[in-house]
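In the order they appear, the protein sequences are chains A and B. With the first letter of the first sequence counted as 1, position 19 gets the number 19 in full-length UniProt numbering; the numbers rise by one all the way through. With the first letter of the second sequence counted as 1, position 2 gets the number 2 in full-length UniProt numbering; the numbers rise by one all the way through. Beneath this line is the structure, given in C-alpha cells, with notes to follow.
There are 2 protein chains.
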Amino acid sequence: MKIDPTNILKEHALKHTKQRVRVLEEIALDTVAISQPELEKKLGKEIDRVTLYRILNIYEDKGILHRIMDMNGTANYAICSSSCSAEHHHDEHIHFNCTTCNKIYCLDVAVPHSTMPKGFTAKTVNTTAYGICEKCNLAVKKN
Amino acid sequence: MKIDPTNILKEHALKHTKQRVRVLEEIALDTVAISQPELEKKLGKEIDRVTLYRILNIYEDKGILHRIMDMNGTANYAICSSSCSAEHHHDEHIHFNCTTCNKIYCLDVAVPHSTMPKGFTAKTVNTTAYGICEKCNLAVKKN
DNA sequence: AATATAAATGCAATATAATTGCATTTATAT
DNA sequence: ATATAAATGCAATTATATTGCATTTATATT
Ligand SMILES: [Mn+2]
Ligand SMILES: [Mn+2]
Ligand SMILES: [Zn+2]
Ligand SMILES: [Zn+2]
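Shown next, in the form of C-alpha cells:
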C-alpha cells in the first residue's frame, strides 16, 4: 500500500508537519496494524508522547486511520480504506489477532451480518478472530 | 440469573473468602456486564484494588467470568454460561455495546461464522455490535 | 520576502490503570 | 487446636492517558 502523506494531509485540510508525516509513514510501512506502544517506541525520540496521541486521535476522527483494540485494551492502528471519511468509517472487514506474534491483520473478509434483538439498533459491528496467523503457522511446520 | 457464590467457588476448588463472594454477588446483580472501574467504585471500600484485580483474573482463568473489552480499552465482566471451564470458554454469543449508556449486553445471538484466509486458523471469534440499546431507544421515543 | 495569526507541538503536572514484592491475615485440612 | 498454604492489604513502582500553558511552526496575506 503506497501512501502519500502530503496528499492525505491536504485532502483532510490538516497542516503539514513533520510529525504528522512521520506517523503516516511509520504506519504505512507494514500491512499489519501497529500499536500505540510500538509507535511510541519507534517515534518517541522524534515526537512527544502527547503529540503522538493527538495525531492518532485526529487521524481517527478524520477517517485516515482506524483503531482496533486488542484483548489487552491496547490501541492498534491501520490505514483506512480511501473511502473512509470523518463522518463515516466503512472498514467493514474483520480483523485477525494472532495469539503467537500478537500482530493484528486487516482481513479482506466482510463483517458477517447478525440480527439484533427487538429494540436494539446496531450502527457498526466489530469482529475479531483470535488464532494463529499464516506466518506463525508456517514457522511451526518448519520445526 | 440466580447464582450461588459458595457453590461456584467449591466447584472450581477456590477458597471461600468474603471478597470473592462479594465480587460474584456484585456481578450477578445485573444482567449487563460491569466494568472494572464500576466494580472498584462499588467495592473499593470493602476490597483492595489489587485483590479485586486478582479475583477478576482468577475468575476469568477458571471460566467463571468472561471479559469483554470496550472501545476505550476498559475491561468489562459478565458471568459465564455454566458450561465454561478453565480449559475452554464457550460464550459463543455476541455482545452489544450501547453508545448512549455504555452498557454491554450479552446477547442471545450466536457469533456468525467467517471463513479465514488460507493459512490463518481461528480459535475464537469475538463480535461486538455498537449502537443504541433497547432502554435508550425507548427513552428517546418518550421525548 | 516579511509579517500576522491560528494551529500544532513540547513540557510539566496530573489522573487513571495495572503490576510487583512482601508482611499479615485467613481458610481449611489434620 | 494447630499447621500451613493461600489470599489479602499495603506501599511502591510502572504504564497509560489527559490537561493547561508557553513556545514554535505552518500558511495565508501583504
Ligand atoms: Mn482493519
Ligand atoms: Mn457475554
Ligand atoms: Zn502470528
Ligand atoms: Zn443504552
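Don't be surprised by glycine CBs; every beta carbon is placed ideally from N, CA and C.
Residue i versus residue j - alpha carbon distance
i, j, result
"Gly73/B", "Asn97/B", "13 angstroms"
"Asp70/A", "Lys42/B", "27 angstroms"
"Leu65/A", "Ala78/A", "6 angstroms"
"Ile55/B", "Thr31/B", "20 angstroms"
"Thr121/B", "Pro112/A", "18 angstroms"
"Ser114/B", "Gly63/B", "25 angstroms"
"Val50/A", "Cys80/B", "39 angstroms"
"Gln36/B", "Ile3/B", "20 angstroms"
"residue 159/B", "Gly44/B", "Residue coverage of chain B in this structure runs from 1 to 143, which leaves residue 159/B outside it and unanswerable."
"Tyr53/A", "Ala13/B", "44 angstroms"
"Glu38/A", "Ala139/B", "42 angstroms"
"Thr99/B", "Ile8/A", "29 angstroms"
"Glu40/A", "Cys101/A", "19 angstroms"
"Ala75/B", "Ala75/A", "14 angstroms"
Chain-ordered chain A contacts of residue i [CB-CB under 7 angstroms]
i, result
"Gly131/B", "Phe120, Thr121, Ala122 and Lys123"
"Ile94/B", "Ser114"
"Gly44/B", "Near Gly44/B there are no residues of chain A at all, since even the closest Cβ is about 20 angstroms away, more than 7 angstroms."
"Thr51/B", "Within 7 angstroms Cβ-Cβ: nothing; Thr51/B doesn't reach chain A, min ~20 angstroms."
Distance CB(residue i)-CB(residue j) smaller than 8 angstroms
i, j, result
"Ala110/A", "Glu92/A", "yes"
"Arg22/A", "Glu46/A", "yes"
"Ala33/B", "Ile104/B", "yes"
"Asn137/A", "Gly119/B", "yes"
"Leu107/B", "Pro5/A", "no"
Contact list for residue i against chain B, beta-carbon separation under 8 angstroms
i, result
"Thr74/A", "Gly73"
"Asn57/A", "Within 8 angstroms Cβ-Cβ: nothing; Asn57/A doesn't reach chain B, min ~13 angstroms."
"Thr31/A", "Under the 8 angstroms cutoff, chain B gives no residues; its nearest Cβ is about 13 angstroms from Thr31/A."
8 angstroms Cβ cut-off: residues of chain A touching residue i
i, result
"Glu134/B", "Pro117, Lys118, Gly119 and Phe120"
Amino acids of chain B, ordered along the chain, whose beta-carbon sits closer than 9 angstroms to that of residue i
i, result
"Asn137/A", "Gly119, Phe120 and Thr121"
**OP:** Specify whether the stretch 124-133 of chain A and the stretch 17-24 of chain B touch according to this definition: at least 3 beta carbon pairs, one from each stretch, less than 8 angstroms apart.
**Re:** Contact fails: fewer than three Cβ-Cβ distances are below 8 angstroms.
Original post:
Along the stretch 99-120 of chain B, what residues have a CB closer than 9 angstroms to any CB found in chain A?
Top reply: Thr99, Tyr105, Leu107, Asp108, Val109, Ala110, Val111, Pro112, His113, Ser114, Thr115, Met116, Pro117, Lys118, Gly119 and Phe120
Original post:
Does the stretch 19-38 of chain B come close enough to the stretch 47-59 of chain B to have 3 or more Cβ pairs within less than 8 angstroms?
Top reply: Verdict: yes, contact present.
Subject >> Residues from the stretch 5-25 of chain A in contact with chain B, defined by Cβ distance under 8 angstroms >> reply: none
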